[in-house]
Amino acid sequence: GRAARVMDVVARTFRDACPTGIAELSHLREALMKIAQEKISVDAINAMLEDAAQGEKCIDIEYFLKWLATDSVGVDTSYLAGFCGSMPHVHHLQVPAEPHFSGSIEDFREKHKDNASTLERLQNTVKVCAKCGKACAFTLASCNACGASLQNVPQSHSDNIFMGFIYGIAEGKFRYKISMRVQTPEFLCFDDPLQCSPCHLNAIPTSLYCKDLRYLFTNPQKGLVLVKRLYEIGSQAALEQYWDHEAFREKIWAGQQRPSQAQALEAWAVTGFNFPPSMFQLHLQFIHLPLFPFHYNLFQSGEHFTRGRFFPLEYMKQALALGDAVRIENAGSCNIESLISKVKAAGVDYDQVYDAMVHKIHALQRKQSPWCEADFRYRVVEGQVFEGRSVFPDMDPKQVQKSDAQAMCNYGRPYEEGKPSGTYYQFAKAPEEVLAFEES
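Anchor point for the sequence shown: position 130 equals 130 in the working numbering, and the numbering is continuous, going up by one each time.
Rendered as structure tokens:
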């Protein structure tokens with residue numbers, strides 16, 4: 001229609017004026033004011049540019065044009081799919097180890113049937129997605145792996161795979177082999193089996209059992225030490241394995257220079273904890289941006305890093321640093337909203353830290369994103385798969401996403417006979433060797 005033709009003219013004007021593809025905001029502001037001819041106020045133009053640029057002094061013209069056509073009037077619900085490009089894979093640490101317990105998790109339960117504490121640690125309370133089978137946190141409305149609705153899915157229990165790793169159990173519904181990045185007697189770091197970015201790690205303690213983040217507040221000082229250590233483990237793995245992989249760095253981070261210290265990755269990664277978690281063992285999510293297109297779309301739709309469920313590491317560090325002012329006694333019965341209020345009353349506002357994280361994700365996704373149309377066959381628009389202007393009504397976008405995950409993720413690389421590979425934890429623990437955080 002007429003609006004589309006006008007946008008085409010505007011797009012050509014901007015592209016011709018910015019042959020490098022990057023424009024300074026000051027120059028873009030001048031151009032927009034000339035185009036507007038005083039029909040749009042200076043304040044409105046400034047507000048629009050501030051929203052689009054997310055704090056940056058320069059902006060990519062193609063991104064701005066897409067934002068102008070979509071995000072300025074609503075969230076763009078489309079995303080690239082059907083990966084057909086090349087993806088360098090970063091192989092996990094291949095350190096052979098046999099399982100500490102050669103039977104299944106059910107056999108392990110039978111062996112420890114008289115130990116209520118051990119049995120409790122072996123299960124999670126979840127909602128299991130009927131579409132992809134992922135065990136999701138019981139508070140989620142949609143699956144954070146495939147996006148399917150969980151509204152009518154009842155709560156149930158799933159096997160606590162992370163405790164299976166720690167105990168060195170051979171298998172559950174699948175072999176409990178780990179896409180290993182770091183292992184020590186006290187910690188494990190591994191690729192998330194459902195990665196939402198090319199470098200998505202989990203870091204967990206192995207000599208302590210901490211059901212979820214609330215228990216850290218039973219001893220804030222010790223909790224602060226623990227979360228900082230989890231970050232050190234994850235960031236060092238990302239730096240030494242992902243950043244040191246030249247082809248991966250070239251593809252995903254445009255060949256940018258390797259940071260000299262792992263601490264510098266705070267500026268590049270989203271880190272934090274979920275409550276409730278899908279696995280009942282404290283685990284730091286270390287998600288180095290950019291997100292995969294599908295998962296960025298989920299984030300834009302409010303289905304990733306959910307407010308009130310995702311707790312940024314920065315928030316946790318600030319909160320735990322308050323010490324006795326935020327100490328709680330009965331973590332298991334503590335309402336999460338009450339904990340947020342308690343921390344806010346002591347001086348740390350969850351919403352402020354969360355909003356800063358959201359700003360960071362949008363800015364870094366735009367700045368870092370390596371995803372280009374040439375690497376994908378399709379675009380998914382409002383649940384339908386398109387190739388150019390052709391629509392494939394019978395094609396399930398969730399199946400396309402499943403294929404993309406297999407092609408793009410680093411979990412379990414190298415594959416063996418077409419399936420993810422891994423190893424067992426060398427320092428596996430007996431149940432009595434894993435102390436409860438609040439009692440240690």
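Glycine residues also receive a C-beta, built at the ideal position from the N, C-alpha and C atoms.
Element boundaries [beta strand (DSSP E), containing residue i]
i      : result
Asp60  : Cys58 to Asp60
Tyr79  : Tyr79 to Phe83
Lys211 : Here Lys211 belongs to no beta strand (DSSP E), and DSSP marks it neither H nor E.
Asp159 : Ser156 to Asp159
Tyr378 : Phe376 to Val381
Phe305 : That residue, Phe305, is in no beta strand (DSSP E); it is neither H nor E in DSSP.
Glu24  : Ile22 to Glu24
Gln285 : Leu284 to His288
Cut-off 8 Å between Cβ atoms - residues of its own chain near residue i, not counting five sequence neighbours on either side
i      : result
Lys367 : Glu56
Lys402 : Cys132 and Cys146
Val400 : Ala81, Gly82, Tyr378, Val380 and Val385
Glu24  : Lys57 and Cys58
Lys342 : Val326 and Ile328
Leu219 : Note that residue 219 corresponds to Asn in the displayed sequence, not to Leu. Arg327, Phe437 and Glu438, listed in sequence order.
Ile161 : Gly172, Tyr176 and Met279
Gln123 : His157, Ser158, Asp159, Asn160 and Phe280
Span of the alpha helix (DSSP H) around residue i
i      : result
Val434 : Here Val434 belongs to no alpha helix (DSSP H), and DSSP marks it neither H nor E.
Phe442 : The question about residue 442 has no answer here: the residues shown for the chain are numbered 1 through 440.
Ser341 : Ile336 to Ala345
Ile233 : Pro220 to Ala237
Phe294 : Pro293 to Gln300
Leu119 : Ala116 to Arg121
Ser442 : Shown here, the chain extends from 1 to 440; a query on residue 442 therefore has no answer.
His362 : Tyr350 to Gln368
Ile105 : Ile105 to Lys111
Gln256 : Note, Gln256: premise wrong, no alpha helix (DSSP H); not H, not E.
Leu313 : Leu313 to Leu320
DSSP beta-bridge partners of residue i
i      : result
Met180 : Phe190
Lys173 : None; Lys173 has no bridge partner.
Ile204 : Leu188
Ala137 : Val126
Glu416 : Lys419
Val385 : Val380 and Phe392
Ser86  : Ser86 pairs with nothing; no bridge assigned.
Thr271 : Phe286
Ser102 : Answer by DSSP bridge pairing: none, since Ser102 is not bridged.
Cys199 : His288
Ser149 : Ser142
Buried or exposed by the 16-neighbour rule on C-beta atoms within 10 Å, applied to residue i
i      : result
His283 : buried
Asn297 : buried
Phe392 : exposed
Val153 : buried
Gly1   : The pLDDT assigned to Gly1 is 45, lower than 50, so where the model puts this residue is not dependable; a value taken from the coordinates is nonetheless given after this. Looking at its Cβ environment, which holds fewer than 16 other Cβ atoms inside 10 Å, Gly1 is exposed.
Cys372 : exposed
Gly168 : buried
Asn115 : exposed
Gly164 : buried
Ser156 : exposed
Asp192 : buried
Ser86  : exposed
Ile22  : exposed
Cys199 : buried
Close-in-space but distant-in-sequence residues of the same chain around residue i (CB under 6 Å, 5 per side omitted)
i      : result
Leu239 : Ala262
Phe437 : Leu208, Cys210 and Tyr215
Gln195 : Cys409 and Tyr411
Phe427 : Pro185
Gln441 : Only positions 1 to 440 of the chain appear in the structure, and residue 441 is not among them; the question remains open.
Pro397 : Val380 and Val385
Thr20  : none
Asp212 : Phe275 and Pro277
Beta-carbon proximity list for residue i, same chain, < 7 Å, skipping 5 on both sides
i      : result
Ala17  : Ala31
Ile233 : Val182, Phe187, Cys189 and Ala203
Pro205 : Glu186, Phe187, Leu226 and Leu282
Gln94  : Thr423
Gln241 : Val90 and Arg181
His304 : Asn144, Cys196, His295 and Leu298
Arg307 : Tyr354
Cβ-heavy atom distance, residue i to the ligand HEM, below 7 Å
i      : result
Ala428 : Ligands in the displayed structure: none, and consequently the ligand HEM is not present.
Below 8 Å, can you find three or more Cβ-Cβ pairs linking the segment 264-277 to the segment 302-311? Because the criterion of three Cβ pairs below 8 Å is met, the segment 264-277 and the segment 302-311 touch.
Examine the Cβ distances between the segment 328-340 and the segment 250-266 and report whether three or more of them are shorter than 8 Å. Taking a cut-off of 8 Å on C-beta distances, the segment 328-340 does not touch the segment 250-266, as fewer than three cross pairs fall below it.
Would you call the segment 314-323 in contact with the segment 217-228, where contact means no fewer than 3 C-beta pairs closer than 8 Å? Counting C-beta pairs with one atom in each stretch, the segment 314-323 and the segment 217-228 have three or more that are closer than 8 Å, which means they touch.
Should the segment 137-151 be regarded as contacting the segment 115-129, the criterion being three or more beta carbon pairs within less than 8 Å? The segment 137-151, when compared against the segment 115-129, does touch it at the 8 Å Cβ threshold.
Contact between the segment 245-261 and the segment 97-106 (3+ Cβ pairs under 8 Å): The segment 245-261 makes no contact with the segment 97-106: fewer than 3 CB pairs, one atom from each, lie closer than 8 Å.
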